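So the sequence lines, in the order shown, correspond to chains D and L.
Quick note on full-length UniProt numbering: the first sequence kicks off at 1 and runs consecutively.
Quick note on full-length UniProt numbering: the second sequence kicks off at 1 and runs consecutively.
Okay, structure first, notes after.
2 protein chains.
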Amino acid sequence: MIIAPITISDIAKKSKVSVATVSRVLNDSDKVKEQTKEKVLKAIKELNYAPSDIARSLSRNITNTIGVVVPDINNPFFGQVIKGISSVTDKNDLYMLLCDTDENEQKEMKFIEMLKRQRIRGLIITPTADNDKFNAKYLSILENLNVPVVLLDRDVKYSKFDGVFLDSISGTYDAIECFIKEGHRKIAIISGPLSSKPGRDRLRGYKKALTMNGIEIDDRYIFYGDFRLESGYELTQEILKMEDPPTAIFVSNNMMNLGCIKALTEANVRIPEDMALIGFDEIELLNIMNMDISVVSRPTAQMGEVAMEILLDRLNEQKVDNQDTKRIILLPTLILRGSEKNTK
Amino acid sequence: MIIAPITISDIAKKSKVSVATVSRVLNDSDKVKEQTKEKVLKAIKELNYAPSDIARSLSRNITNTIGVVVPDINNPFFGQVIKGISSVTDKNDLYMLLCDTDENEQKEMKFIEMLKRQRIRGLIITPTADNDKFNAKYLSILENLNVPVVLLDRDVKYSKFDGVFLDSISGTYDAIECFIKEGHRKIAIISGPLSSKPGRDRLRGYKKALTMNGIEIDDRYIFYGDFRLESGYELTQEILKMEDPPTAIFVSNNMMNLGCIKALTEANVRIPEDMALIGFDEIELLNIMNMDISVVSRPTAQMGEVAMEILLDRLNEQKVDNQDTKRIILLPTLILRGSEKNTK
DNA sequence: CTGAAAGCGCTAACAG
DNA sequence: CTGTTAGCGCTTTCAG
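Here's what the structure looks like:
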């Protein structure tokens, strides 16, 4: 079903001027006599003409699309991020080509190559992982794009791309220290996968806080999940079965936190009376349900906005060789709602 | 920051053949001698060449992007829908240009015009509203696109576009009838806005069920919300203040349902002992939290998939004048979890 | 102010 | 099998 769209020469013909003139009124580039301009505008309106961005891109050798690659748009975090990105693209006549990788590295690389063909002007991406295994190939694909890349939330080892991240270490540190001030000594963590930087950092923050406060690190209290709900659920069940269970749990992301709460609820473990809890990332729904869970909160939409603004700056830069990588590290906020309390 | 990408003629030069030959191996279109083919492939690999979809689109006079316009990607419903669409585009070398309208009609029309310039091949859209006020202009913009359009979830009056919808009437009818069978007689509804078809239909289903079961419609039990959480919250508070309150509430969408539950929880109204409840659309989180709320459920991701498949069919159609509109109406399922019970 | 013409990177006849 | 060439729809010198 193809209907040949109106072209610039249709307009030129109809208004009896050259295509160059039409182009001029389209772009407001050169001075055009008011009278001819009106003629052209009239023809455009009558024929319902809209210039082709495809032809324009080819001619100008530059597109107005940017690529956005995320692991899962159904994760509210990324939903918010995309919203943030949109708010900037909307104002700058930029389009967003969206790709959802499903946390699949192969898919991700394929998408990047597709985006290259589309000649995107820039890329905002949350890589699936930063495994050493994939790193070399991955990096070269990304660099081969030859457009500015902004990393979002997850880093890529040995890369010098711009990025917007969150200080996971300090966020976790604050949470753990808060537990300690409440008098907790046996504090467990449900960590994310160590193949991602946020996963590693949150564990680091945990260990650091314990160490700085003179509490010995007990490996029995460290559990490794994969950021998905199920693992939070299962690991919490394990925790509840321990001989010498902790009195507080820190959970490294929102999905696992949900799983944890589910397990606690099912086992009739009260929060915080029987088990104190702090999680990483806000869970909007819990607030709606009046469930008071303390969390390390981060400015989600803002992360998207900032990433897009960095990208925008790059697009507007003159020199190609600007090497000073821009890495923004936002600070999370610890929001206390009572679930961290020690009621013993 | 612009780096001129490698072009087809770079490859031609390097492998000492014509651009036509390069194009041939790129597209596997004509027979090329194995030996030359290898030469070309080698050059492509060495220079890390990726053909420009921009140039290709212009030359072929056809793009491989489709537009997707939704009111809010943060609504889990649309998140799922997009996932469904992606699953089909991924397999068909199609790209998705995503636009989030924020339920704003002006924005929506602007997006559609932008998408026209991008020469999208087709459009999947959930219109913000189908007000008579905007209808004429809106319709003409959509038709002016001159590409296949598939409506998703919300209809456009007087239009003959394809679409994927849900039978809201029957879904609501079943829910209300279930209430009645439980012995409820005073049944309230928190309706959506009547400016959208789903809003209207759900109210119709409600009225129909009452009428068919010989229960008189009592306007005092009909409340009008706007699909947002807050309105569900406020209207529920109103309901609780009534002199002769209902014993059951039907809520027309997931967001308002959350608001309703919030209000009930805050007022210490037990579900279903003090108030029975059924809502439209699943709320994943409630299930996770083991909160047993009965809902009218629909196949979300599938709606996206089906929409994209209809679009795909249109794109592959030969004749331009195929007038038989395809309108798929999916059936919802009533999922009972106990919140509908009458314990009196 | 305006028109003619070259060119953006690729495809698709048309020759050979 | 392979090369030449004319566009695709637009922008952008360069003249006038």
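We treat Cβ as the ideally placed atom computed from N, Cα and C, and that holds for glycine.
From a predicted model like this one, the values you see are computed outputs, not experimental measurements.
Under the three-state reduction of DSSP output, D/TYR49 falls in the coil class, being neither helix nor strand. Residues of the stretch 85-113 of chain D with a C-beta atom less than 7 Å from some C-beta of chain L are SER86, TYR95, MET96, LEU97, LEU98, ASP100, GLU113, listed in chain order.
Nearest CB-CB separation between D/THR236 and chain L: not below the 9 Å threshold.
Around the beta carbon of L/MET255, a 10 Å sphere encloses 16 or more other beta carbons of the protein chains shown; the residue is thus reported as buried. The stretch 58-66 of chain D makes contact with the stretch 115-134 of chain D; the number of CB pairs closer than 8 Å reaches 3 or more. L/ASP281 is a Cβ neighbour of L/ASN253, given a cutoff of 9 Å. In the displayed model, D/PHE78 falls within a helix according to three-state DSSP. In the DSSP assignment, D/TYR95 is bridged to D/THR65. L/LEU41 places its beta carbon 9 Å or farther from that of L/ASP10.
L/ASP201 sits in a helix when the DSSP states are folded into three classes. For D/SER191, the enclosing beta strand (DSSP E) begins and ends at 187-191. Proximity of D/GLY279 to chain L, defined by a Cβ-Cβ separation below 9 Å, is not satisfied. Neighbours of D/MET289 in chain L, taken as residues at a C-beta separation under 9 Å, are given in chain order as LEU258, ILE261, LYS262, THR265, LEU285, LEU286, MET289, MET291. According to the DSSP assignment, L/PHE179 belongs to the alpha helix (DSSP H) that extends over 168-181. Annotation: L/THR325 is outside any alpha helix (DSSP H) and is labelled neither H nor E by DSSP.
For L/LEU229, there is no enclosing beta strand (DSSP E); the residue is found in the alpha helix (DSSP H) stretching over 229-241. L/PRO71 is outside the set of residues whose beta carbon lies under 9 Å from a beta carbon in chain D. D/ARG270 counts as exposed, since fewer than 16 other beta carbons sit within 10 angstroms of its beta carbon.
Boundaries of the alpha helix (DSSP H) around L/GLY259: 254-266. Taking 9 Å as the cut-off, the beta carbon of L/ASN74 is found no closer than this to the beta carbon of D/GLY304. For L/ILE217, there is no enclosing beta strand (DSSP E), since its DSSP letter is neither H nor E.
According to the DSSP assignment, L/SER15 belongs to the alpha helix (DSSP H) that extends over 8-15. Less than 9 Å separates the beta-carbon of L/LEU123 from that of L/VAL69. Counting of Cβ neighbours within 10 angstroms places D/MET242 among the exposed residues, the total staying below 16. Boundaries of the alpha helix (DSSP H) harbouring D/ALA301: 300-316, taken from the DSSP string.
Secondary structure of L/VAL150 (DSSP, three-state): strand. In the DSSP assignment, D/ILE288 falls within the alpha helix (DSSP H) that extends over 284-288. Straight across, the Cα-Cα distance linking L/TYR224 with L/MET212 is about 22 Å.
When secondary structure is reduced to three states using DSSP, D/ILE85 falls in the helix class.
Secondary structure at L/PHE165: strand, using DSSP grouped into helix, strand and coil.
Across the structure, D/GLY338 and L/GLY199 are spaced so that their CA atoms are roughly 39 Å apart. Against chain D, the CB of L/ALA55 has a partner CB under 9 Å away; the residue lies at that interface. Where L/VAL32 is concerned, there is no enclosing beta strand (DSSP E), because DSSP gives it neither an H nor an E.
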